[in-house]
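Novice: For the sequence shown, the numbering used here begins at 9 and goes up steadily by one. Yeah, the Cβ is synthetic: ideal placement off N, Cα and C, and Gly gets one too. Structure below; questions to follow.
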Amino acid sequence: DEVRELRGSEMGMIFQDPLSSLHPFYSVGAQISEAYLVHTKVSKKDAKAEAIRMLEKVGIPNAPGRYNDYPHQFSGGMRQRAMIAMALICKPRLLIADEPTTALDVTVQAQILELIKELHDELNSAVILITHDLGVVAETCDKVLVMYGGQCVEKGRVDELFYEPEMPYTWGLLRSMPRMDRDRQTRLTPIPGSPPSLINVPSGCVFNTRCPFTDRVDGDKCRTEHPNLELGVTPGHAVRCHIPAAQRQEIWLTEISPSL
């Protein structure tokens, strides 16, 4: 009961696949109304009116007419808009968006991201966006936590991630990202190896089995000692790496950045 009170009223969530997240046996409007009824003492009539208002707010055309439609009658983008309406109908203080644009085409993806930003500003809700798409990160986020092997390996402002990154894993992400200003014949540089099993996480630095810079650290420290998340070169920027901060900055400026 305690979790149920938090979920929806204090915290909302947009899932990766709205088709599997919405119940196929109930209309979209009824599911949105239920979320509102659970957390507010209103009549079913008022809950329906609020659900229709939210459907209109997220851009569903003819919202009163679509209230009784089922999930399979909505397009992918419209289902995701309905999920956003359900997540925000109780005006939660925190919205968690888990890969909200993964299955959508580029045009609809841009519309959904813009909608999330607009509602974030209007409702003053904090947003945690979970994504593997660096383009989405650049367009949407203010601060970034880079995760690897279940751990935060770098955190800072979004501009620091792209222009002053300090973690070898982040360097690998940027080097493997396609760019419009690059020669189409130029091959991408993938990160070698495979992600570790979370059941059997490597000792030492979680990235050491794939990191090409372990030889820059004295001894066998990368494989034996787990690095702390420590402040980097700029204030508020934190990195989990054994390479000294000044040396990381030099590697970025002389070896990584010129090749991007």
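Name the DSSP bridge partner or partners of L153?
Specialist: L153 is bridged to K163.
Novice: Who does I22 pair with in a DSSP beta bridge?
Specialist: Paired residues: A105.
Novice: So what does DSSP say about A111, is it helix, strand or coil?
Specialist: DSSP places A111 in coil when its eight states are reduced to three.
Novice: Beta carbon of A95, beta carbon of I22: below 8 Å?
Specialist: A contact, by the Cβ cut-off of 8 Å.
Novice: Since I92 and L137 are thought to touch, with beta carbons under 8 Å apart, how far apart are those beta carbons, to the nearest angstrom?
Specialist: No, I92 and L137 are not in contact; Cβ-Cβ is about 13 Å, not under 8 Å.
Novice: Look at the alpha carbon of G158 and the alpha carbon of T110, and state the distance between them as a whole number of angstroms.
Specialist: Looking at the two C-alpha atoms, the distance is approximately 21 Å.
Novice: Just to confirm my understanding: we take A253, look at its own chain, exclude 5 residues before and 5 after, and list those with CB closer than 6 Å. What are they?
Specialist: Hits under 6 Å: G240, V241.
Novice: Could you check whether the Cβ of K151 sits closer than 8 Å to any Cβ belonging to chain D?
Specialist: Absent from the structure is chain D; it holds one protein chain and no more.
Novice: Select from M188, P203, S202 the residue whose C-alpha is nearest the C-alpha of L196.
Specialist: Looking at the Cα atoms, M188 is the closest of the given residues.
Novice: Measure the beta-carbon distance from G85 to V116 and round it to whole angstroms, keeping in mind my assumption that it falls under 8 Å.
Specialist: The pair is a contact, with the Cβ atoms about 4 Å apart (cut-off 8 Å).
Novice: On a CA-only basis, which of E13, L63, R74 is nearest T48? Give me that one, please.
Specialist: Out of E13, L63, R74, E13 has the C-alpha closest to the C-alpha of T48.
Novice: For T232, tell me which candidate among A246, H250, Q24, G244 has the shortest Cα-Cα distance.
Specialist: With distances taken between Cα atoms, T232 lies closest to H250.
Novice: Along the chain, which unbroken stretches of the alpha helix (DSSP H) at least 4 residues long are found entirely within the region 217-253?
Specialist: Complete alpha helix (DSSP H) runs here, min 4: 229-232.
Novice: Since L112 and I120 should fall inside the 8 Å C-beta cutoff, what is the C-beta to C-beta distance between them, to a whole number of angstroms?
Specialist: Confirmed, about 6 Å.
Novice: Should M175 and R248 be called a contact, given that it needs their Cβ atoms to be closer than 8 Å?
Specialist: Yes, they are a contact pair.
Novice: If you count every other CB in all the chains shown that lies within 10 Å of the CB of S41, and 16 or more means buried, which is it?
Specialist: Buried, since its Cβ has 16 or more Cβ neighbours within 10 Å.
Novice: Ordered along the chain, which non-local residues of its own chain (more than five positions away) have a Cβ less than 6 Å from that of H245?
Specialist: Around H245: G164, E168.
Novice: When the Cα of A57 is compared with those of T139, Y75, S35, which residue comes out closest?
Specialist: Closest option to A57, Cα to Cα, is Y75.
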